[in-house]
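Colleague:
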Amino acid sequence: MQPVLEINNLTTTLFLKKGPVRAVDNVSLTLSQGKSLALVGESGCGKTMLALSILGLIPSPPGRITSGQVVFAGRDLTSLPERDLRAIRGNDISMIFQEPMSALNPVFRIGAQISETLIFHKKLTKNQVKSRRIELLKLVGIPAPEKRYNDFPHQLSGGMRQRIIIAMALACSPRIILADEPTTALDVTIQAQILDLIKDLQEKSKTSTVLITHDLGVVAQICHEMAVMYSGRIVEHGDVAEILSNPGHPYTRGLLNSLPRLDRDKDLSPIPGTVPEISSLPQGCHFHPRCPQRMDICSKQDPPVVESKSKIRCWLYND
Ligand code: SF4
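Numbering-wise, our numbering puts 131 at position 68 of the sequence shown, and it's gapless, one number per residue.
(1) Once you ignore the five residues that flank ILE229 on each side, which residues in its own chain have a CB closer than 6 Å to its CB?
(2) When the Cβ atoms of the stretch 241-249 are set against those of the stretch 67-78, are three or more pairs found closer than 8 Å?
(3) Which one or two residues does DSSP pair with SER130 in a beta bridge?
(4) With DSSP as the reference, identify every bridge partner of ALA207, one or two as the case may be.
(5) Heavy atom of the ligand SF4 less than 8 Å from the Cβ of HIS312, yes or no?
(6) With a threshold of 8 Å (Cβ to nearest heavy atom), would PHE350 be considered close to the ligand SF4?
(7) For a test of your reading of the model: does the CB of PRO335 fall under 8 Å from any non-hydrogen atom of the ligand FMN? Yes or no.
(8) By Cβ distance, which residues of its chain are closer than 6 Å to GLY131, with the 5 residues on each side in sequence left out?
(9) With DSSP run on the structure shown, which of helix, strand or coil describes GLY301?
(10) Would the beta-carbon of MET358 be found less than 8 Å away from any heavy atom of the ligand SF4?
(11) Would DSSP call VAL192 helix, strand or coil?
(12) Assign SER271 to one of three DSSP states: helix, strand, or coil.
(13) Out of ILE156, ALA86, LEU148, state which residue places its alpha-carbon closest to the alpha-carbon of LEU94.
(14) I'd like the list of long-range same chain contacts for GLU69, defined as Cβ closer than 7 Å, with 5 residues on each side in sequence excluded.
(15) Tell me which residue opens and which closes the beta strand (DSSP E) that LYS98 is part of.
(16) Could you check whether LEU331 and CYS322 sit closer than 9 Å to each other, using their CB atoms as the reference points?
(17) With contact counted as at least three CB pairs below 8 Å, one residue from each stretch, are the stretch 141-157 and the stretch 178-186 in contact?
(18) Go through its chain and collect everything with a Cβ distance to MET223's Cβ below 7 Å, but skip five positions before and after it.
(19) Candidates CYS377, ARG226, ASP278: which alpha carbon is nearest GLU299's?
(20) Could I get the ranges of all uninterrupted alpha helix (DSSP H) runs contained in the stretch 120-169, with 4 residues as the minimum, in chain order?
(21) Would you mind giving the Cβ-Cβ distance between ALA232 and ILE240, rounded to the nearest angstrom? I have them listed as a contact below 8 Å.
(22) Cβ of PRO366 within 8 Å of any heavy atom in the ligand SF4?
(23) Return yes when at least one heavy atom of the ligand SF4 lies under 8 Å from the C-beta of VAL298, else no.
(24) Nearest-angstrom Cα distance between VAL67 and ALA136?
(25) Is it the case that the CB of CYS354 approaches a heavy atom of the ligand SF4 more closely than 8 Å?
(26) Look at ALA234 and ARG196 and say whether their C-beta atoms are less than 9 Å apart.
(27) Using the rule of at least 16 other Cβ atoms within 10 Å of the residue's Cβ for burial, across every protein chain shown, is GLU244 buried or exposed?
Here you go:
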């Protein structure tokens, strides 16, 4: 199947006082139509930076895409001028941001905020905008949408605000949605509704999704492929069912072992230590100080990517 998005050797560098550091390091991924790709890893592993890089939203300074391509509809987004990128953002590719309260403008009614995208990209008439925003509010499960679109963000609950963000992301029926922890701040019942909605869009509208999450339960429910990120790199990438049942990389295994599970009465075994600062990454495999299977070579040389059932970046799989 022809990929809808192709990321080739993408590197995003932050030019800090300490020197340049790679927040996204040589990442290559593809996304197929109607499929969902999960970006998984602890906070600080580069998931959000990768999503922002796709949309050309890296704050500059200090960041800049220093190499690679993001190919969408035959065009390399990394080389497009800002005006062309603006026509794509929110229209062909939209993003659901993590924090609904900071993503919404507190002084504008939610109806006006949804309309803005429709007016900018679709040039609809006043009546068309009105009926589309009611349709969108219904789609994301907002009760009495004819009344609620006059509300300000502070009049809505956290779950409803998140649904408004999703309605804004869906307004122009994008081909790709980048969802950054869309359900983290929600209680489990709302979380289930939002996940169902994303799944529905994949099936009915063939929307492709990049889902950023640290919740492997969510990944198992709605994603087809997963890429595990550590210190800006992909360390394991492949089919979700395959990786979850047979994780290859010690970091992926560590993430899975850190999850509470009803079918296991063993104590949780969290990964020791913390994610390193990208400005002071250890030599060799960046995961080696935390890895229970490290070998001598791990602290000296970077492991290459090996392709088996999934693609794994680890010396354990190299002859
Ligand atoms: Fe562990 Fe070595 Fe593999 Fe890194 S390369 S994950 S340290 S075994």
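Quick reminder that beta carbons are idealized off the backbone N, C-alpha and C, glycines included. These numbers were taken from a predicted model, which means no experiment stands behind them.
Modeller: Looking at the coordinates:
(1) ILE159, VAL203
(2) no
(3) THR74
(4) In the DSSP output, where bridge partners are listed per residue, ALA207 has none listed.
(5) yes
(6) It does: the Cβ of PHE350 is within 8 Å (strictly closer) of some heavy atom of the ligand SF4.
(7) This structure does not include the ligand FMN; its bound ligands are the ligand SF4.
(8) ASN71, ASN72, LEU73, THR74
(9) strand
(10) Yes, the beta carbon of MET358 sits closer than 8 Å to at least one heavy atom of the ligand SF4.
(11) helix
(12) strand
(13) Put simply, of ILE156, ALA86, LEU148 the residue whose alpha carbon is nearest the alpha carbon of LEU94 is ILE156.
(14) THR93, VAL134
(15) Boundaries cannot be given for LYS98, as no beta strand (DSSP E) includes it and DSSP labels it neither H nor E.
(16) A small fix is needed here, since residue 322 is Leu in this sequence, not Cys. Taking 9 Å as the Cβ cut-off, LEU322 and LEU331 qualify as a contacting pair.
(17) yes
(18) Residues of the same chain with a CB within less than 7 Å of the CB of MET223, apart from the 5 flanking positions on each side, are ILE205 in chain order.
(19) CYS377
(20) Runs found: 145-151, 163-166.
(21) 6 Å
(22) yes
(23) yes
(24) Near 7 Å, if we compare the C-alpha coordinates of ALA136 and VAL67.
(25) yes
(26) yes
(27) buried
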